[in-house]
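The sequence shown runs 328 to 615 under the working numbering.
Where a beta carbon is used, it is the ideal one built from N, C-alpha and C, also for glycine.
Remember, predicted model here, so these are calculated numbers, not experimental data.
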Amino acid sequence: MHTVWKGAISFGLVHVPVKMFSATEDKDISMRMIHKACNTPLNFVRKCQHCDREVEWEEIARGYEYEPGAFVLFEKEELEKLTGEITKEIKILDFVDLNEIDPVYFHKTYYLAPNETGSGAYSLLLEAMRQTGKIGIAKVSIRSKSSLAAIRIIDRCLAMETIFYPDEIRPVAQVPNLPEASSINEKELDMAKVLISQLSTPFEPEKYKDTYRQALLDAIEQKVSGKQVSVAPEPQRANVVDLMSALQASLEAVAPVATAPTPKTKPKKNTAAGKSKAKGKTAKETIS
328 MHTVWKGAIS
338 FGLVHVPVKM
348 FSATEDKDIS
358 MRMIHKACNT
368 PLNFVRKCQH
378 CDREVEWEEI
388 ARGYEYEPGA
398 FVLFEKEELE
408 KLTGEITKEI
418 KILDFVDLNE
428 IDPVYFHKTY
438 YLAPNETGSG
448 AYSLLLEAMR
458 QTGKIGIAKV
468 SIRSKSSLAA
478 IRIIDRCLAM
488 ETIFYPDEIR
498 PVAQVPNLPE
508 ASSINEKELD
518 MAKVLISQLS
528 TPFEPEKYKD
538 TYRQALLDAI
548 EQKVSGKQVS
558 VAPEPQRANV
568 VDLMSALQAS
578 LEAVAPVATA
588 PTPKTKPKKN
598 TAAGKSKAKG
608 KTAKETIS
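Structure below.
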């Protein structure tokens, strides 16, 4: 793993020297913009609309548009002063329960490993957090940007989740067309609960695949080798007309197929009485 940051976790007067590694990787397939006429990749230039020419980096400042067409400008040095002193420290401010934080706050995950001299303090903090069931809320600066973070345990490792500040979370009240509290059809509710129960399973992340990414990789391979790109047909969708029918169809789709018990075979009787008894009965009566 590539080290993305070095510093220390601090809580109280205790310092835990650590290295930071990204816990996730972006596997999106990158594509270039190509000029179809000659198959040449396009370049994007920093062009001034007013001067109608390309602008060099040293000619560029940052600007905030406070009203249409009006900007206040900042030089790089001015912005650096606003960030204050950049410290190599993950400063734990509080310890809280993990279930108090809604997942909407979580942004990006990093693994924290002890450096060569920090394994003792690292193990101490990890075990203390494990036994108390707490996670740490901290401030950290990464690449000149200050972030709020949560320090928690993943397996035998301390992990850091950068989290959004409260004013970065949009309130649910802004979501349009949310239904008002209304009466629910009890039969539909019971069927929905049964469906949820039948679809419930332990979380096994390895069974979920990025089918679009795999299809794109296959298409790229086919194009590189000069083959015709094959496209899988769209799956047929059931023509469901109402909620109850949708629930019923869903339950039938996921319900295990019931295997009828095999009837025990009785030995045939060859007596004359048995033959005469069966005479005159319909096929249905005979089978039953």
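| Query | Result |
| --- | --- |
| Beta-carbon proximity check, L574 vs A519, cutoff 8 angstroms | yes |
| DSSP beta-bridge partners of W384 | In DSSP, W384 forms no bridge with anything. |
| Status (buried if at least 16 other CB within 10 Å, exposed otherwise) for E488 | buried |
| I419 beta carbon less than 8 angstroms from that of I481 | no |
| Proximity to C484 [Cα-Cα], best of T436, D517, S357 | T436 |
| contact_flag[the segment 436 to 449, the segment 363 to 372] where n(CB pairs < 8 angstroms) is 3 or more | no |
| Closest by C-alpha distance to D424, when choosing among Q458, D545, T444, S471 | Q458 |
| Range of the contiguous alpha helix (DSSP H) that encloses D545 | 538 to 551 |
| Three-pair Cβ contact test at 8 angstroms for the segment 383 to 392 versus the segment 426 to 444 | no |
| Buried or exposed (CB count within 10 angstroms, at least 16 for buried), V431 | exposed |
| Residue-chain proximity (R540, chain D), Cβ-Cβ < 8 angstroms | In summary, chain D is missing from the structure at hand, where a single protein chain is found. |
| Where V581 falls, given that 16 or more other Cβ within 10 Å makes a residue buried | exposed |
| Exposure of S468, with buried meaning 16 or more beta-carbon neighbours within 10 Å | buried |
| CA-to-CA distance, P344 to A335, given in whole angstroms | 4 angstroms |
| DSSP state of Y438 mapped onto helix, strand, coil | strand |
| Buried versus exposed call for A486 [16 or more other C-beta atoms within 10 Å across all chains shown] | buried |
| Close-in-space but distant-in-sequence residues of the same chain around E416 (CB under 7 angstroms, 5 per side omitted) | G334, A335, S337 |
| Terminal residues of the alpha helix (DSSP H) in which I523 lies | 513 to 526 |
| L544 versus L400 - alpha carbon distance | 44 angstroms |
| Nearest neighbour of L406, chosen from A476, S471, F398 [CA to CA] | S471 |
| Contact check, R479 vs I462, beta carbons under 8 angstroms | yes |
| Cα-Cα separation between K554 and T367, rounded to whole angstroms | 22 angstroms |
| Of the residues E443, H329, L570, the one placed nearest T351, counting alpha carbons only | H329 |
| Extent of the continuous alpha helix (DSSP H) to which L453 belongs | 446 to 459 |
| Limits of the beta strand (DSSP E) - the one that E488 falls within | 484 to 490 |
| Residue nearest to K346 in terms of C-alpha spacing, selected from I523, W332, K354, D355 | W332 |
| Assumed close pair R373, E381 - CB separation to whole angstroms, cut-off 8 angstroms | 6 angstroms |
| 6 angstroms Cβ shell around F348 - same chain, five flanking residues per side excluded | M328, Y438 |
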